[in-house]
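One structure is given below, encoded as structure tokens.
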Ligand code: NAD
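Numbering (the working numbering), first residue to last: 26 to 510.
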């Protein structure tokens, strides 16, 4: 290993490795400083990683599930021990606040705990199906699998897949976002320290080129992707056309339907949902459909927005390009007739002048046909559309191409159920701004927020990471014969 400390390398076969000559600067959104240069690998690096993973697979997959999860008990403790360090890394490379960064690691710990509980979840079946004949099923790992992740959760999204896929006996290649590659390398080191054999988990850094190489690699059998819908479609098509198993999570435009009886104190949840992680969550509230007279609630939301201070409890967005994109959405909406209630453009917190910050922004009187109402903005921006009719509100939500999350704010249980039954989203909530289903429930949207059939976490992920072997056995020759014996 011969590498400069400013390089974010690959992690292959239990070692850091420098890969190719191509690099990309990793710039901190917090203050614009260059944190490191990430290696942009090519298919030869991927081939090495796959080769090492193939060598590790026979031993790893032949261990029992109970043996494999011991590594994750150790890993869980290491995540706790390195919470502060990982939090700092994520804060610097992603721009979210330190508190948000640590919360993401805490969620990673919960995901690891779920993997530790897999021996309790995997219930293979056994049944006497004919006289003297027994059928039983076993979950078998697939082999070498890949996980491709986005910038917005540098630790949590990789940890959606790593513990379950590995505990179930697979070996993995992770391709983190080239914008936030540093936490993934730390995770790899901690897994090694936890006792994971070399080659079982490998990180291959890079950009589009390496994603394409993953989709095309004949020895990678399953691809899990999380990112924008545009890229999710490309990856899903390319991986499945190469006959791989694929689940590809895409972008989102999450609707909140707010009724006039919503509790005023819930306004804080609405703002926390749209502003948390600077609005860069696929579960963030983005479009609010206000039904009837909700002026008091909207006023309260604007009051709450004042509690979010860029550079303090409001983090940065990922880059200057992202800031410009978000601000141009706002400007265009205003030009098209939206009413700006809170304007977060041109935010430059003192001491972080070179950071990429957008203040909390709230736009009222937005029409459903406006670009800002339809597209994913991915910043701390809430657009408010007004209607007097609940069915019209549902229609607005249903018209979205996406379908990750939707929440209803009301104190009326039957209306909440009526709306939840009709919104077209995989994860729905009542008076909850970010309705993430916690383990053992699984995470996954609908429509263009997810391609493929499985959810990415929880119980639903088990069938993605395994195949089922069906075994039929007869021991006694004298047993009664029928048409199938
Ligand atoms: P992105 O799609 O730009 O990148 C995701 C991954 O794809 C990265 O590793 C990147 O290197 C790679 N990539 C980028 N362009 C590519 C191309 N043309 N071909 C092949 N690979 C390519 O996403 P992002 O900007 O990093 O992340 C933000 C997006 O992720 C948002 O849309 C957000 O909603 C979404 N997201 C979705 C979920 C979910 O569960 N549905 C969760 C988190 C984030």
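Cβ atoms here follow ideal geometry from the backbone N, Cα and C, with glycine treated the same way.
Near residue i, which residues of its chain fall below 7 Å by C-beta distance, leaving aside the five closest residues on each side in sequence?
i	result
residue 140	94, 97, 188, 189 and 192
residue 444	282, 415, 419 and 433
residue 122	116, 338 and 340
residue 27	Reliability of the predicted coordinates at residue 27 is poor, the pLDDT of 40 falling under 50, and no value is obtained from them.
residue 100	137, 215, 216 and 219
Alpha carbons only, please: which of the options is nearest the one belonging to residue i?
i	options	result
residue 241	258, 223, 255 and 262	262
residue 315	287, 385 and 307	287
residue 442	215, 451 and 455	455
residue 462	55, 234 and 430	430
residue 202	196, 84 and 181	181
residue 384	396, 390, 406 and 375	406
residue 432	426, 420, 290 and 448	448
residue 412	484, 318, 438 and 496	318
residue 337	367, 325, 370 and 376	376
residue 62	51, 410 and 144	51
residue 290	306, 323 and 305	323
residue 111	472, 205 and 459	205
residue 466	479, 458 and 473	479
residue 285	249, 325 and 82	325
residue 360	386, 374 and 395	395
residue 185	160, 156 and 273	273
residue 195	311, 225 and 427	225
residue 366	331, 404, 157 and 380	331
residue 348	329, 320, 386 and 328	386
residue 277	47, 102 and 450	450
residue 293	77, 327, 464 and 492	327
residue 492	163, 33 and 82	163
residue 177	80, 452, 208 and 81	208
residue 37	498, 46, 81 and 137	81
residue 529	53, 106, 153 and 233	The first residue shown for the chain is 26 and the last is 510, placing residue 529 beyond what the model contains.
Exposed or buried, what is residue i when buried is set at 16 or more other beta-carbons lying within 10 Å of its beta-carbon?
i	result
residue 220	exposed
residue 500	exposed
residue 133	buried
residue 502	exposed
residue 30	Reliability of the predicted coordinates at residue 30 is poor, the pLDDT of 45 falling under 50, and the value obtained from them is presented with this limitation in mind. Label assigned to residue 30: exposed.
residue 496	exposed
residue 210	buried
residue 268	exposed
residue 84	exposed
residue 378	exposed
residue 422	buried
residue 91	exposed
residue 490	buried
residue 212	buried
residue 266	exposed
residue 369	buried
residue 439	exposed
residue 401	buried
residue 77	buried
residue 435	buried
Less than 8 Å separating the beta-carbons of residue i and residue j?
i	j	result
residue 129	residue 115	yes
residue 283	residue 313	yes
residue 55	residue 341	yes
residue 487	residue 469	no
residue 301	residue 66	no
residue 108	residue 88	no
residue 57	residue 343	no
residue 245	residue 169	yes
residue 459	residue 253	no
residue 425	residue 275	no
residue 104	residue 215	yes
residue 60	residue 118	yes
Can you name, in chain order, every residue of its own chain whose Cβ lies under 6 Å from the Cβ of residue i, other than the five neighbours on each side?
i	result
residue 39	217 and 223
residue 86	166 and 194
residue 251	174, 175, 182 and 274
residue 171	198, 239, 245 and 248
residue 49	63, 65 and 203
residue 404	304, 342, 351 and 383
residue 151	161
Identify, in the order they occur along the chain, each residue of the same chain with its Cβ nearer than 8 Å to the Cβ of residue i, setting aside the five sequence neighbours on each side.
i	result
residue 570	In the structure as shown, the chain starts at 26 and stops at 510, and residue 570 therefore has no counterpart that could be examined.
residue 235	65, 66, 67, 68, 70, 71, 200 and 229
residue 372	335, 382, 383 and 384
residue 35	41, 42, 43, 44, 64, 66, 70, 74, 227, 228, 229 and 230
residue 397	354, 355, 357, 358, 363, 388, 391, 406 and 408
residue 485	467, 469 and 479
Problem set entry | Complete runs of the alpha helix (DSSP H) confined to the region 190 to 238 [at least 4 residues] | Correct list: 207 to 218.
Problem set entry | Complete alpha helix (DSSP H) runs within the region 146 to 197 (minimum length 4 residues, chain order) | Listed in chain order, the complete alpha helix (DSSP H) runs (minimum 4 residues) inside the region 146 to 197 are 181 to 192.
For this session: At 3 residues or longer, and completely inside the region 393 to 459: list those beta strand (DSSP E) runs for me, N to C.
Result: Assignment of beta strand (DSSP E) within the region 393 to 459, counting only whole runs of 3 or more residues, yields 406 to 412, 430 to 434 and 452 to 455 in chain order.
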